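In what follows, a structure is listed as structure tokens, so that the remarks can point back to it.
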Amino acid sequence: MKKSLVKTFVDAQFAVGPIIPYIPQLLSLKAGKPSDGFSPSVSLIILIANILKVAFWFADRFEVTLLYQSLLLILMQLILLQALVANKVGFARKSGRQMKRSIFNDFWGWDSYRLYLLSTSLIVAIVSVFSHFLYEYEWYVGGLGSLAAFFDSVLGLPQLIHNHLAKNTTGISVLMVIGWVSGDFLKVAYYLAKGVPIVFLYGAALQIAIDMIVAFQLFVLYPNENIQSLGKKYFGRKN
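The working numbering puts the first residue of the sequence shown at 16, with every later residue one more than the last.
Below you can see the structure in the form of structure tokens.
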């Protein structure tokens, strides 16, 4: 009985845990703080990865906790994008900036939540159609799992590139990045314990490397005002 309760608790934590790092970023956006430092492409990668993972689950019924985790992450990213759009529209109106609503020219940088929903629905529809006709082929199922693991592993890459090009990390939640890194190590431990498909383990290892670089950018290369204030408070210096 105790083992069953512990297992349920651990599974619940693993399903819910990955959405927690995005809550500080969500609160920051809702508070009206600048959002320029946050790359919405992160949400695109997460949506693609988890839509593929859900499709993969129906072909290869691995740990059901990962299915719940993917569904919660999809929901969280849609909520985060809604807050991001509201934040950007607010700043655009104050500055007089023209709204970004061109489907192709402003792809995934829109000031329209409807475009994000339509694009996400289109991704779901495409994956669903392909899966309906190709589930019976082993190469397709294997490729689906590999693609899901790949996108999952590079979710921090758009943020890494954005930080490098902008040479700053203003608007990025420190707790979100800390949550990414700590969650990566917990994910590897969970995967090893549960014996999930090995492709997810390889992906998690790559994800650790990318997220560690993002953390290095945030804390060392381009510390934002929050990091600078913490450095000044505890170490008597800006960074």
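The C-beta atom is built at its ideal place from N, Cα and C for all residues, glycine as well.
Every value quoted in this text rests on a predicted model; they were computed, and no experiment measured them.
- Beta-carbon to beta-carbon, ILE141 and LEU175 are separated by about 27 angstroms, too far to satisfy the 8 angstroms threshold.
- Annotation: SER244 to ASN178 spans about 19 angstroms, alpha carbon to alpha carbon.
- It is roughly 14 angstroms from the alpha-carbon of PHE106 to the alpha-carbon of GLY124.
- Residue environment analysis places ASP126 among the buried positions, since at least 16 neighbouring C-beta atoms fall within 10 angstroms of its C-beta.
- Judged by their CB atoms, THR184 and GLY52 are nearer to each other than the 7 angstroms cut-off.
- Around the beta carbon of TYR131, 16 or more other beta carbons sit within 10 angstroms, so the residue counts as buried.
- Non-local C-beta neighbours of PHE200 in its own chain, meaning closer than 8 angstroms and more than five positions away in sequence, comprise ILE223, ordered along the chain.
- Rounded to the nearest whole angstrom, the C-alpha separation of TYR83 and PRO238 is 35 angstroms.
- In this structure, DSSP gives PRO33 a helical state, which the three-state scheme calls helix.
- In the displayed model, ASP51 falls within coil according to three-state DSSP, outside both helix and strand.
- In this structure the region 94-101 does not touch the region 210-223; the number of beta carbon pairs closer than 8 angstroms is below three.
- Across the structure, LEU170 and ASN241 are spaced so that their CA atoms are roughly 23 angstroms apart.
- Across the set GLY111, ARG129, LEU81 and SER43, the C-alpha of LEU81 shows the shortest separation from the C-alpha of LEU67.
- Close CB contacts of VAL139 within its chain, under the 7 angstroms cut and outside five residues either way in sequence, are with ILE66 (chain order).
- The criterion of a C-beta distance shorter than 7 angstroms is not satisfied by ALA64 and VAL156.
- The alpha carbon of ILE61 has as its nearest neighbour, out of PRO49, ILE228, ALA208 and TRP195, the alpha carbon of TRP195.
- Closest by C-alpha distance to ALA27, out of VAL192, TRP154, SER85 and PHE165, is SER85.
- In chain order, VAL214, PHE215 and GLY218 place their CB closer than 6 angstroms to the CB of ALA164, counting only its own chain and leaving out the 5 sequence neighbours on each side.
- ALA230 places its beta carbon less than 7 angstroms from that of VAL192.
- Fully enclosed alpha helix (DSSP H) runs of no fewer than 4 residues occupy 153-168 and 172-181 of the region 130-197, in order along the chain.
- By a beta-carbon distance limit of 8 angstroms, SER50 contacts LYS103. Their separation comes to about 6 angstroms.
- Pairing VAL211 with PHE77 gives a Cβ-Cβ distance under 7 angstroms.
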